[in-house]
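A short worksheet on the structure shown next.
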Amino acid sequence: MNFRISEKIFSNYLSFLIGSFSLLAILACKENKDRGQEDISAELSEESKANRKWPEPSSTMEGIAIYENFEDLEPVFHLENDTTYVINFWATWCKPCIKELPYFEAVDSIYSDKKLKVVLVSLDFPKQIEDKLVPFVREKKLNSKVLVLLDGKYNNWIDKVSEDWSGAIPATYIYKGEQTKLIGTSFENLAQIEKEIKEFL
Amino acid sequence: MSKLILVLAGILFFAMAQPINGIEIGDKAPDFKLKNIDGREYKFDNIKDANGNEPKGYIVVFTCNTCPYAIANEQRLIDLHNNYAPKGYPVVAIQPNDPAVQPGDSFQAMKENAQEKGFPFLYLLDEGQEIYPKYGATRTPEIFLVDANRILRYHGAIDDSVRDEDGVEQKFVEDAIEAMENGKQPEPSTTKAVGCSIKTA
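Which chain is which? The protein sequence lines are A and B, in order. Under the working numbering, think of the first position of the first sequence as 1, with each following residue one higher. Under the working numbering, think of the first position of the second sequence as 1, with each following residue one higher.
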């Protein structure tokens with residue numbers, strides 16, 4: 001009888017012990033987890049602060065921003081706000097690119113009251129920026145934001161824009177926050193671009 | 001029953017994971033029968049290396065007369081062929097653009113360009129634009145390095161500075177051939193570069 005009682009007390013004691021340890025463990029875990037979350041959110045807010053800013057160019061030519069390296073331009077592909085960015089890769093030597101430019105210009109003006117920004121990223125040869133690109137932008141009076149990316153180490157950055165992009169131009173990358181789409185072919189008319197954009201607005 | 005669903009789901013997954021068009025590393029390269037600028041038709045079976053032997057590999061490149069990036073790579077293709085055709089790896093250039101869309105890439109224009117630049121390699125016209133989609137080529141220039149068994153071993157750019165030969169630090173195709181010669185898998189086996197989209201009606 002005595003033995004039975006002590007056994008019961010012992011087992012109760014044991015469950016109490018196990019229980020408290022588990023509780024401690026859970027609390028400790030929770031504390032760790034909370035701290036972990038705190039760390040992550042701190043990192044995130046710093047990152048998102050950086051991701052709200054349009055990056056400074058390496059230089060400018062007649063108001064056209066020139067970026068030497070993709071890293072310098074990269075924040076443009078990760079801006080965290082509710083604007084839809086329509087980023088078109090083109091060059092003055094690329095015939096289908098020139099052909100679709102007016103459609104992007106039209107989008108830029110049609111949706112000027114919406115949160116939408118057209119960015120035309122020129123991949124012109126560095127030697128042709130001054131002689132070809134700048135005069136082209138001036139003559140065509142392009143209203144959309146034109147900038148130049150000089151980084152010729154393409155294999156290092158094409159996938160950072162989108163793994164779906166083969167590298168052929170023209171190519172258009174549309175994004176709003178986490179929603180992204182790469183269109184690796186040229187647009188034949190304005191309606192085709194608008195159809196893509198409407199998925200974002 | 002549940003097993004059957006699992007199997008079906010698996011099949012569906014793999015079917016979806018496969019690219020709609022084109023080949024990946026390890027896939028068999030599609031054969032072709034295309035007219036060379038000398039008027040003769042070529043396919044894998046009747047292409048020889050510089051010594052008249054069965055090639056150890058084929059440097060298949062989709063390229064054209066008109067794309068500035070293709071032009072920037074012409075001398076590099078000539079050098080590749082002159083250095084590697086004697087070692088068993090001839091360059092096989094295929095022009096994929098539709099001459100109706102890009103007159104500068106007509107058969108006649110190909111002949112003239114090859115003569116002017118002194119192309120030592122085959123320069124074939126993808127008449128009807130049937131071959132390039134089988135490879136999944138999207139741009140010019142674009143390399144498909146194929147081994148003696150016609151298995152794709154490397155796909156992508158010639159080197160890491162397609163636009164500017166002076167900036168080359170890594171010669172992807174030469175490194176890939178070196179790896180094949182040593183019985184290794186090329187690393188990287190795929191790279192990307194900016195190029196002109198293939199012009200088709």
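Ideal Cβ placement from N, Cα and C applies to all residues, glycine included.
I'd like the list of long-range same chain contacts for residue i, defined as Cβ closer than 6 Å, with 5 residues on each side in sequence excluded.
i: Pro-186 of chain B; result: Arg-153, Tyr-154, Ala-176 and Ala-179
i: Asp-160 of chain B; result: Glu-169 and Gln-170
Compare the C-beta of residue i with all C-beta atoms of chain A and state if any pair is closer than 8 Å.
i: Ser-189 of chain B; result: no
i: Thr-200 of chain B; result: no
i: Cys-64 of chain B; result: no
i: Arg-76 of chain B; result: no
i: Ile-11 of chain B; result: Since pLDDT at Ile-11 of chain B reaches only 49, below the 50 mark, its modelled position is unreliable, and the value read off the structure follows with that caveat. No, no contact with chain A.
i: Val-60 of chain B; result: no
Starting from residue i, trace the beta strand (DSSP E) in both directions and tell me its first and last residue.
i: Leu-73 of chain A; result: Note, Leu-73 of chain A: premise wrong, no beta strand (DSSP E); alpha helix (DSSP H) at 70-73.
i: Val-162 of chain B; result: Per DSSP, Val-162 of chain B belongs to no beta strand (DSSP E) and is neither H nor E.
Would residue i and residue j qualify as a contact pair, given that the criterion is a beta-carbon distance under 8 Å?
i: Leu-125 of chain B; j: Phe-107 of chain B; result: yes
i: Val-146 of chain A; j: Ser-166 of chain A; result: no
i: Gln-102 of chain B; j: Thr-63 of chain B; result: no
i: Gly-88 of chain B; j: Pro-55 of chain B; result: yes
i: Tyr-123 of chain B; j: Gly-22 of chain B; result: no
i: Leu-116 of chain A; j: Thr-84 of chain A; result: yes
i: Arg-163 of chain B; j: Phe-125 of chain A; result: yes
i: Ser-144 of chain A; j: Glu-105 of chain A; result: yes
i: Val-119 of chain A; j: Tyr-67 of chain A; result: no
i: Asn-290 of chain A; j: Thr-172 of chain A; result: Lying outside 1 to 201, the shown extent of chain A, residue 290 of chain A is not represented and no answer is given.
Would you verify that the beta carbon of residue i is, or is not, closer than 8 Å to some beta carbon of chain B?
i: Leu-201 of chain A; result: no
i: Lys-99 of chain A; result: no
i: Pro-96 of chain A; result: yes
i: Glu-196 of chain A; result: no
i: Trp-93 of chain A; result: yes
i: Asn-189 of chain A; result: no
i: Glu-47 of chain A; result: Confidence at Glu-47 of chain A is low in this model, with a pLDDT of 48, below 50, so its placement is unreliable and the value that follows should be read with caution. No - not a single Cβ of chain B is within 8 Å of the one on Glu-47 of chain A.
i: Asp-159 of chain A; result: yes
i: Tyr-67 of chain A; result: no
i: Ile-183 of chain A; result: no
i: Ser-162 of chain A; result: no
For residue i, which residues from the same chain have a beta carbon less than 7 Å from its beta carbon, with the 5 sequence-adjacent residues on both sides left out?
i: Ala-100 of chain B; result: Ala-201
i: Ser-114 of chain A; result: Before going further, note that residue 114 of chain A is Lys rather than Ser in the sequence given. Result list for Lys-114 of chain A: Leu-201, in chain order.
i: Cys-94 of chain A; result: Ile-169 and Pro-170
i: Ala-114 of chain B; result: Ile-37 and Tyr-123
i: Ile-158 of chain A; result: Trp-165 and Gly-167
i: Ser-59 of chain A; result: Ile-66
State the start and end residues of the unbroken alpha helix (DSSP H) segment that holds residue i.
i: Asp-108 of chain A; result: 95-110
i: His-78 of chain A; result: No alpha helix (DSSP H) contains His-78 of chain A, which DSSP labels as neither H nor E.
i: Phe-172 of chain B; result: 172-181
i: Lys-153 of chain A; result: Run containing Lys-153 of chain A: none; DSSP gives neither H nor E here.
i: Arg-76 of chain B; result: 74-84
Counting only the same chain and skipping the five closest in sequence on each side, list residues whose C-beta sits under 8 Å from that of residue i.
i: Lys-99 of chain A; result: Ser-186
Legend entry - Meets three-Cβ-pair contact criterion under 8 Å: the region 26-46 of chain B and the region 68-80 of chain B: no
Inset, instruction - Would you check if the region 70-77 of chain A and the region 130-144 of chain A touch, i.e. whether three or more CB-CB distances between them fall below 8 Å? - result: no
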